[in-house]
Structures are given as structure tokens and as C-alpha cells.
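**Student:** Protein chains in written order, with this note's numbering: chain A, 82 to 260; chain B, 82 to 260.
One structure is given below, represented as C-alpha cells, and several questions about it will come after.
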DNA sequence: GTCTATAGCTTGATAGAC
DNA sequence: GTCTATCAAGCTATAGAC
């Protein structure tokens, strides 16, 4: 087998949280036995979560942060980034790793990864907002506000099983973020 | 002993999530042994979470929903509700039960409680927004938006250990919600 | 590189003394 | 009403056959 597809593991963590995700669940999701996971991830569960976070980081850099830095028009850049976000969260049906991995005692292990991810995301949204005509300070405010709205929409969508909340927030992003 | 103070249990759930909260942690937090918890909560862990949710519901009805329905000015009502919210979330340092209890397989057990809580909260914010001059439809949009911003701010605050994000969102609520 | 088997521990929950 | 003692089941992780 080549390199392992991490998305089933990601799904387990996102649905169950770090504590709730057992190696049995993960093993079943990837189609291996528990012990075999230790061949791929000698560091155990923690290493699996770190691998998933690295995977998510790569996805965001390519599909969200990258487009936001391109040389197209701010509106076109944002539309591409929104597509990347929509796909990652499956229209609001999948939780955010940032959210679920910041719970409990193990959260401290992942805080550095998560902080960097949030910073890169916020910076990229700041750039596109500023390029659309806002001042640097205002652009930063709007970018932070956008991140908050996305994360909040994910929580509310999940709690109420109403993913249209998330879709609506994503659709309104251009109006909020661009001048 | 009279009736048990539920806030230590609430804190454990909010910090660890439902799966991450073990009876050992809860017992230590309340100062009892594991077995003694079953005298207060024969239904075990699930009953503890339900009791905490009922407690939270009562707090919100008294300190958030109630003030929003009073006969004072919309601005004064909202200020009181914001105080209730700020205290409940300890300036953003405590997570939201709505968030942490909607993770994993046990989430289905709590969905009815959580949905009702969110609905009552959103309705109350809709009332105060409408009373300030907005149309019913617009008021509802703004109320939903406010809930999203609060929940998002809690997630971002927790992830980045920056509780000022939460404080800023709460402070901006009157401008967002009232006409 | 995947498996079976198992060690050692913690979990949620129960029984029964006081 | 709280405790000690205990249970079966689940957990993470390891050892070693193939």
C-alpha cells in the first residue's frame, strides 16, 4: 500500500472529537486492524491527529490561502477560496478540526498547529479585503469577523442539523469582506 | 447535603466534552467518590449531562431571555442580556455546552434540549431587535447572525487562547442587532 | 506490512458495608 | 448518603507470527 488516505481518519476526529475517537473506530474507518495503525503511526493516536492536521494545513494552503493570494480580481479570488471552504466542510455537514481538537487536556498538544493555521487563513483574508479597497486595519477586522462567522455557522449548523445556516454565511462572505 | 452544586460538573463537560469527561474527573470536581455520584444521578453520566443542560437552560431563561423580554428600552434590555452572556462564558474562557455536547455519537441524546435552548435564545434576540425598529424578517436575520458570531467567537477565543475576541464581539452586539 | 494475541490500565456502573 | 471493593468492557499500546 502506498501512502495512507487520511480523510477517513480526519472524518472520525471531526465527528467524535479527539477523546471520542478510539483506535477501533479509526481502524475500521481505514480498513485495518488496530495494531496495523502503529506501523503507519508509531506515535499512536497523537501522531494520527498531527498527520491529519498537517493534511488539513496542506489543503487550506492549496485551496483557500493560495487562491486568496493570486493575481486575479479580489472577487474572483474570494469565490475560489469559498469553494475550497465549502468543499472542506461539506456544506457545513463536517465539523471543524480547529473546534474539536481544542477540547480537553490533549488540546495543548495541537494548539501550535491550530494557531498557525488560523493565522495563515486570517492573513490571507486580510490581503484580499485590503486589495478590494479597505484599509489594512479595517481589512484585518473584517477578516477576523469572517473567520468568526464561519466557525460560528459550523457550530450552529451542527447543533441544529441545519446546514443551510453555513451555506448562507458562505454566500454572504463577499459582501462582508470586500469593499 | 442539600442539592448538589452543578457548576463543577458543568465545567468538566465544557472543558472536556462529553466523551472526554470521565466520572473520575467529575467525582473529583464535586468532591465525591465515583460511586456516590450514582446516588445523585442514578442514570449515570447521561443524567449528569442532562441535569447540567437543565441548569444552563434555567440560567439563560433568567439572565438572558428574561431581560430581553422586559419592558425597558431595547438598548437597556440588550445590555442586561449581554452581561448574562458574558458571565456565563466567563469572558470567553469557558466553552459552550451547545458546542461540546454536539460532538460524537452521544450528541443525539442532547439535540432536543440544545435545539430548544437555541430557539428560545434566538427568539428573544429577535424580539429585542424588532422592538428597536427592524422588521420581523430582518430582526430574525440579525438575531441568527448574532448567535453565529457569539458561537464563532467562543471557538476562535478558545483555539487561540485570546479571549479578547469574545469580548469584542459582545461589545459590538448592540450595533449589530439594534436599529 | 498486516495480522492475532495480549498486557496493563481506565472506563461506566453495581453491590453492599457503614 | 458516602464509602470500599469489584465487575465487565473498552481503551492505548506492544510482542511476535507470518
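Cβ atoms here follow ideal geometry from the backbone N, Cα and C, with glycine treated the same way.
Owing to the predicted nature of the structure, the values given are computational and were not obtained by experimental measurement.
Going by Cα to Cα distance, which pick from A:128, A:239, A:189, A:185 is closest to residue 199 (chain B)?
**Tutor:** Cα-wise, what sits closest to residue 199 (chain B) is A:239.
**Student:** Does residue 151 (chain A) get closer than 7 Å to chain B when you measure Cβ to Cβ?
**Tutor:** Taking Cβ atoms only, chain B never reaches closer than 7 Å to residue 151 (chain A), which makes this a no.
**Student:** In chain B, which residues lie less than 7 Å from residue 108 (chain A) when you measure between Cβ atoms?
**Tutor:** Here the premise fails: no neighbours, minimum Cβ distance about 17 Å.
**Student:** Can you tell me which of B:217, B:132, B:196, B:208 puts its alpha carbon nearest to the alpha carbon of residue 150 (chain B)?
**Tutor:** Comparing Cα positions, the closest option is B:208.
**Student:** For residue 230 (chain B), return the contacting residues in chain A, with the cut-off set at a CB-CB distance below 9 Å.
**Tutor:** What residue 230 (chain B) touches in chain A: 226, 229, 230, 233.
**Student:** Under DSSP, the alpha helix (DSSP H) around residue 83 (chain A) begins and ends at which residues?
**Tutor:** Premise fails: residue 83 (chain A) is in no alpha helix (DSSP H) and is neither H nor E.
**Student:** Return the residue from the list B:128, B:117, B:106, B:108 that minimises the CA-CA distance to residue 187 (chain B).
**Tutor:** The residue with the shortest Cα to Cα distance from residue 187 (chain B) is B:128.
**Student:** Report yes if the CB atom of residue 178 (chain B) is closer than 7 Å to the CB atom of residue 121 (chain B), and no otherwise.
**Tutor:** In this structure, residue 121 (chain B) does not lie closer than 7 Å to residue 178 (chain B) by Cβ.
**Student:** Check residue 112 (chain B) in the structure and name its three-state DSSP category.
**Tutor:** DSSP places residue 112 (chain B) in coil when its eight states are reduced to three.
**Student:** Kindly indicate which three-state DSSP category residue 215 (chain B) falls into: helix, strand or coil?
**Tutor:** Note: residue 215 (chain B) maps to coil in three-state DSSP.
**Student:** For residue 224 (chain A), which option in B:211, B:223, B:246, B:220 has the closest C-alpha, if you only look at C-alpha atoms?
**Tutor:** Minimum Cα distance to residue 224 (chain A) is reached at B:246.
**Student:** Could I get the ranges of all uninterrupted alpha helix (DSSP H) runs contained in the stretch 175-210 of chain A, with 4 residues as the minimum, in chain order?
**Tutor:** Listed in chain order, the complete alpha helix (DSSP H) runs (minimum 4 residues) inside the stretch 175-210 of chain A are 178-181.
**Student:** Cα separation between residue 212 (chain B) and residue 126 (chain B)?
**Tutor:** Their Cα atoms are separated by approximately 42 Å.
**Student:** Keeping to the same chain, check which residues put their C-beta closer than 7 Å to that of residue 217 (chain B); ignore five residues upstream and five downstream.
**Tutor:** Excluding positions up to five away in sequence, the list reads 211.
**Student:** Taking C-beta to C-beta, are residue 264 (chain B) and residue 91 (chain B) nearer than 7 Å?
**Tutor:** As displayed, chain B neither begins before 82 nor continues past 260, which places residue 264 (chain B) out of reach and without an answer.
**Student:** Nearest-angstrom Cα distance between residue 242 (chain B) and residue 172 (chain B)?
**Tutor:** When rounded, the distance between both Cα atoms is 12 Å.
**Student:** Between the C-alpha atoms of residue 155 (chain A) and residue 253 (chain A), what's the straight-line distance to the nearest angstrom?
**Tutor:** C-alpha separation (whole angstroms): 15 Å.
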